[in-house]
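Numbering (this note's numbering), first residue to last: 3 to 356.
For each residue, glycine too, the CB sits at the ideal point set by N, CA and C.
Note that the structure is predicted; figures quoted are calculated from it, not measured.
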Ligand code: NAD
């Protein structure tokens, strides 16, 4: 067995349909009494419902979270937290809302209680992101790790079917890369494989029957394990490519992960055979990359970058940017190979090992 280091992250997780009812006592458990409730404009009603549930513990609502945490939004939310004398943040939403709570926690002592409503997994990581003048900066700081996470699957039934499919594939991507991470370890690999199993088994049912609470619970359980994997070990080629495609070419986050993942897996297939065996086993597929592609296609999710509006003439620049800062990947990165991967991902056909 390889030597490894396992660093556990502190997390209090409350899981199950109806567990949102425990939010008032969880706020008190943190010694807090004035929560700033955060959401996107689209989830304003959910934020109001949460504020009503915590009654006098709600100091106010800030409902302007948007993707990638623009610095102006972060400053506005920080000002609002100060103005209201908030002593904790309750983030109700996906990665965009949790990201805004992290921007507040980065510069204040306010603890975060996260109530995730997508499968992105940000609530389990100490990773923050802030976008200034079109450039997204990210970093790690234990201060931004939510102190309490309430996973209530009943809040996810409103997540539209296609967003559920792509958000779920985003979560599977965390698990796949955790299995071949440079600092992979047996404990995180257990979580990652189980995360893929739970997500692959439940996502097709979620897409068909968005209000199926049992399928929603399985998917959210998988998303938790995926987020924990993302928070615990480093990511590789797939996340780097998605960062470039989302950051520079403005492609949508979860959809981009969905499209790129099978091709990143095909790229790494020969260099990471054990990881791929575990991915395939978790999905009940013969082969990891093909299995991932089939899962996305079966749910009607996009499979090619062209479908997301990527321009063919931008593939060269994307390849240049993707190889710019050296980073770990089980298979060495060359510009020529990455350009070929991007061509395949652009077209969207079944991935073939290269
Ligand atoms: P999101 O948070 O932007 O949500 C997408 C849309 O779905 C929003 O309009 C949102 O209001 C809506 N929505 C969310 N849950 C809903 C529900 N249950 N019902 C109805 N509508 C709902 O999308 P996301 O994919 O969760 O997050 C993406 C962002 O998170 C990106 O900026 C990404 O970089 C970041 N992220 C960060 C980390 C990290 O560790 N820091 C991890 C994953 C993602």
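Cβ-heavy atom distance, residue i to the ligand NAD, below 7 Å
i: residue 44; result: yes
i: residue 106; result: no
i: residue 252; result: no
i: residue 69; result: yes
i: residue 241; result: no
i: residue 249; result: no
i: residue 79; result: no
i: residue 169; result: yes
i: residue 96; result: yes
i: residue 255; result: yes
i: residue 172; result: yes
i: residue 232; result: yes
i: residue 101; result: yes
i: residue 110; result: no
i: residue 87; result: no
i: residue 124; result: yes
Buried versus exposed call for residue i [16 or more other C-beta atoms within 10 Å across all chains shown]
i: residue 23; result: exposed
i: residue 198; result: buried
i: residue 8; result: exposed
i: residue 106; result: buried
i: residue 3; result: exposed
i: residue 104; result: buried
i: residue 184; result: exposed
i: residue 233; result: buried
i: residue 80; result: buried
i: residue 220; result: buried
i: residue 30; result: exposed
i: residue 11; result: exposed
i: residue 213; result: exposed
i: residue 89; result: buried
i: residue 73; result: exposed
i: residue 137; result: exposed
i: residue 168; result: buried
i: residue 309; result: exposed
i: residue 281; result: buried
i: residue 242; result: buried
Residue i to residue j span [Cα, whole Å]
i: residue 130; j: residue 145; result: 10 Å
i: residue 259; j: residue 271; result: 17 Å
i: residue 298; j: residue 231; result: 21 Å
i: residue 238; j: residue 350; result: 21 Å
i: residue 341; j: residue 335; result: 10 Å
i: residue 244; j: residue 157; result: 27 Å
i: residue 222; j: residue 155; result: 7 Å
i: residue 151; j: residue 112; result: 15 Å
i: residue 187; j: residue 252; result: 33 Å
i: residue 62; j: residue 353; result: 48 Å
i: residue 204; j: residue 216; result: 9 Å
i: residue 171; j: residue 255; result: 11 Å
i: residue 135; j: residue 42; result: 21 Å
i: residue 96; j: residue 122; result: 7 Å
i: residue 39; j: residue 100; result: 11 Å
Return the chain-ordered ranges of every beta strand (DSSP E) run that is complete within the segment 45–69 and spans a minimum of 3 residues. 60–64
Scan the segment 116–145 and note each continuous beta strand (DSSP E) run of 3 residues or more that stays entirely inside, going in chain order. 129–134, 137–142
Would you list, in sequence order, the uninterrupted alpha helix (DSSP H) runs of no fewer than 4 residues that lie entirely inside the segment 133–219? 163–181, 188–210
Residue ranges of each alpha helix (DSSP H) within the segment 64–111, 4 or longer: 73–86, 97–108
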